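Structure (structure tokens):
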């Protein structure tokens, strides 16, 4: 599809810079970020293209594909970028822009609720059972004490992440038996 | 027939030849069997010693040759190695340091002739090398000792072209005490740089850094400035060229004129102003630009209507509109530096870019607009309606890197377009600026930083060549490809700027003929060696510098101007030079005075003199051999390329090698 560039829309790039991707203009499209990206070959996440789309203000193209959520945030691109354009930071910034627009994949909402209610991104119920079975002491984690969870909730409540991430008060973890440490 | 059969059997000469085969690392040894060459050469007649060496031109390699001359009594040297262009002089010097005459040396180029072109076929490459080495050995048997000739050199130079390169060459020579003539075809010196607004990568004002140098040129007593003049003819040779300059009629007595400009104000004739890329008008009587050196008026002969308003206005009585013949000036110089610069590619050759449209302009036109003294006084306005453009597209490589026009990269366009984009963005932060490139080549010191700062200012760089420009209503659609997006794109722009290629000057061929120097396939003057002799030409004593040799930015043009000045100075400083004795000699007894040679000599080196004899001017003669080959009575001998030497070579080349 032919892309028409006929305005000087700086809204996206300004937001990305404000939200942490402040070096996005440094990118000169060498492709080092994309060539080392562990998910690029199997997903639609093409970081070099995303960087370019930001500078051109092609917001719809970026948001439509939701590929920015497929980044594993391994920071490989950020470490290697010869211009220090910090592509991972640009991805984070784009996710923030996307969340503001109400576009967040279901999986991310689940993770957010996990953190809010359990203190962990993933459930550790199965691990606790295993440790009990061999009489191993329980590990201290962010979710091992109610007071830690209260603190996490206080933090999230005081930011607008609470509404953006669609936190549900009566939320139940879904995949208790699937995710865990075997 | 019988004679050549006798020669075939054996070489008459009983010289003692040393043959030295160089590996040149793997450069030669990689695809020529050195051992086989050595064994083959050993069995050839007159060969006393055959040696091989990894790098023959090293000090160690040269010492081996010296030792063999001293201890083994070797009296002829054959080196099978690289090009005589770069290494003949080195080995001749080696011989010079012994008691052997340096012309008893023969170089066989088994690198350029064998290992390089036939690198995939070692067997045949070796076979060819054997044949060539044999011919070298046969020729060496017939070599004769020769003595260099001395020539006196005048301590004055001619600089053709008064651009930034020529100005620097002239100033350096003048500072060194040499008399310098500058010949410039325009009314003022300054060249293309005078048309620029700012210069990368420091963005300093072009006029501010150029004008002081121009003033210095006019204030230097031993520089004679001949502007509005052209080279008519150059005769003579290294050390003593006789130059004829045509001084175009200015109709203004420059001794009286003070450049006040009153004449231009009253002149009623408006003419396209070339200095501002024809974007505004000048008068028929004009000074070229505000900082012109010399600041003197000239009359455009073709446009003047002879109303004589200027004559009446001029209080100094400097103007006389009577047409006269152009004036010719003759003088002699010891060396010549050519700095005639470049021309710009005509974008009409690429109709897809719609240069006919008023809002499609070249970079130089934009440059003139950006200049405070330009046609728009520094404002960027669309030529169609005089409005400020909102969106600008820079189209790179117009006429460069294109087999249909110029296959080479013009080197400076990337950086000057970035300069334009940056300066515009600084002046108009809301302007939307796109640059369509295929590779950004910002190679100079500080240029990468310059490019990074352009990105930081929000200039959008899109990789992909623009395929066409169309007008849509009062705007322009720039259609191209975005390599990163993998999609076609089109930018709706108000102004399109074409980065047109640097091309050889239209007069380059004519000047090359006058000076007897070569041009390459792109029409630029050809240096004698691209790496080792970048400012030399095939005519000794004539040097080239700046963009007349190839596309160049200002720092490189200046460096070459200074390099050429240094080469000219080192040639002239001693007042005399030694030249190779490779010239033709007339054998009086055989000469029938038919004067065939005289008419054929390109260098006008043979003349029929007052004593009714044919005479060779050894300074002019290049030893090309045309005279010798054409002489019906065989009366001309070309030193170092005698018939006998060549016949031996041919004999060796035609004998089968087993």
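Residue numbers (our numbering), protein chains in the order written: chain A, 135 to 316; chain B, 546 to 1203.
The beta-carbon is built from N, C-alpha and C at its ideal position, and this holds for glycine as well.
The structure presented is a predicted model; accordingly, all values stated were derived computationally and were not measured.
- Here DSSP, grouped into helix, strand and coil, assigns residue 254 of chain A to coil.
- Rounded to whole angstroms, the separation of the alpha carbons of residue 1154 of chain B and residue 1091 of chain B is 41 Å.
- Rounded to the nearest whole angstrom, the CA to CA distance from residue 1195 of chain B to residue 654 of chain B is 16 Å.
- Taking all protein chains shown into account, residue 826 of chain B has fewer than 16 neighbouring C-beta atoms within 10 Å of its C-beta and is therefore exposed.
- Contact note: residue 1077 of chain B does not reach chain A at a C-beta cutoff of 9 Å; the least C-beta distance is about 34 Å.
- When 8 Å is used as the limit between beta carbons, residue 250 of chain A is near no residue of chain B, the shortest such separation being about 38 Å.
- Residue pairing by DSSP places residue 905 of chain B opposite B:1041 in a beta bridge.
- Using beta-carbon distances, residue 1030 of chain B counts as an interface residue toward chain A, with a partner under 8 Å.
- Within chain A, no residue has its beta carbon less than 8 Å from that of residue 994 of chain B; the closest one is some 12 Å off.
- If you draw a straight line from the Cα of residue 678 of chain B to the Cα of residue 871 of chain B, it is about 58 Å long.
- Beta-bridge partners assigned by DSSP to residue 159 of chain A: none are found.
- Within the segment 942-974 of chain B, no residue has a Cβ lying closer than 8 Å to any Cβ of chain A.
- By the C-beta criterion, the segment 898-917 of chain B is judged not to be in contact with the segment 715-732 of chain B, since fewer than 3 inter-stretch pairs fall below 8 Å.
- Between the segment 878-893 of chain B and the segment 838-855 of chain B there are fewer than three C-beta pairs closer than 8 Å, too few to call the two in contact.
- Look at residue 1163 of chain B here: in three-state DSSP terms it is coil, with no helix or strand label.
- Going by DSSP, residue 1183 of chain B is part of the beta strand (DSSP E) stretching over 1181-1183.
- The C-beta distance from residue 1008 of chain B to residue 163 of chain A rounds to 6 Å, short enough to fall under 8 Å.
- Your pair residue 1127 of chain B and residue 698 of chain B does not check out as a contact, with CB atoms roughly 19 Å apart and the cut at 8 Å.
- In this structure residue 874 of chain B touches residue 790 of chain B by the C-beta definition: roughly 5 Å separates them, less than 8 Å.
- Contact of residue 183 of chain A with chain B by beta-carbon distance below 7 Å involves 1029 and 1030.
- Assignment of alpha helix (DSSP H) within the segment 626-703 of chain B, counting only whole runs of 4 or more residues, yields 629-641 and 667-686 in chain order.
- The Cβ of residue 200 of chain A sits no closer than 8 Å to any Cβ of chain B.
- Within chain A, no C-beta atom comes less than 8 Å from the C-beta of residue 897 of chain B; the nearest is roughly 17 Å away.
- The beta-carbon of residue 991 of chain B is placed no less than 8 Å from the nearest beta-carbon of chain A.
- Assignment of residue 179 of chain A by DSSP, reduced to helix, strand and coil, places it in the coil class.
- Per DSSP, residue 817 of chain B is one residue of the beta strand (DSSP E) stretching across 815-817.
- Between residue 576 of chain B and residue 664 of chain B the beta-carbon gap is near 4 Å, inside 8 Å, which marks them as a contact.
- When secondary structure is reduced to three states using DSSP, residue 594 of chain B falls in the strand class.
- Contact annotation for residue 1005 of chain B against chain A: 189 and 190 [CB-CB distance below 7 Å, chain order].
- Between the segment 681-701 of chain B and the segment 740-750 of chain B, the count of Cβ pairs shorter than 8 Å is below three; the stretches do not touch.
- With fewer than 16 other CB atoms across the displayed protein chains lying within 10 angstroms of its CB, residue 208 of chain A is exposed.
- Under the three-pair Cβ rule at 8 Å, the segment 634-649 of chain B counts as touching the segment 604-611 of chain B.
- For residue 986 of chain B, no pairing in a beta bridge is given by DSSP.
- Ranked by Cα distance from residue 304 of chain A, the options A:258, A:244 and A:136 are led by A:244.
- Counting only Cβ-Cβ distances below 8 Å, residue 979 of chain B has contacts in chain A at 139, in chain order.
- Using a CB distance cut-off of 8 Å, residue 226 of chain A does not count as an interface residue toward chain B.
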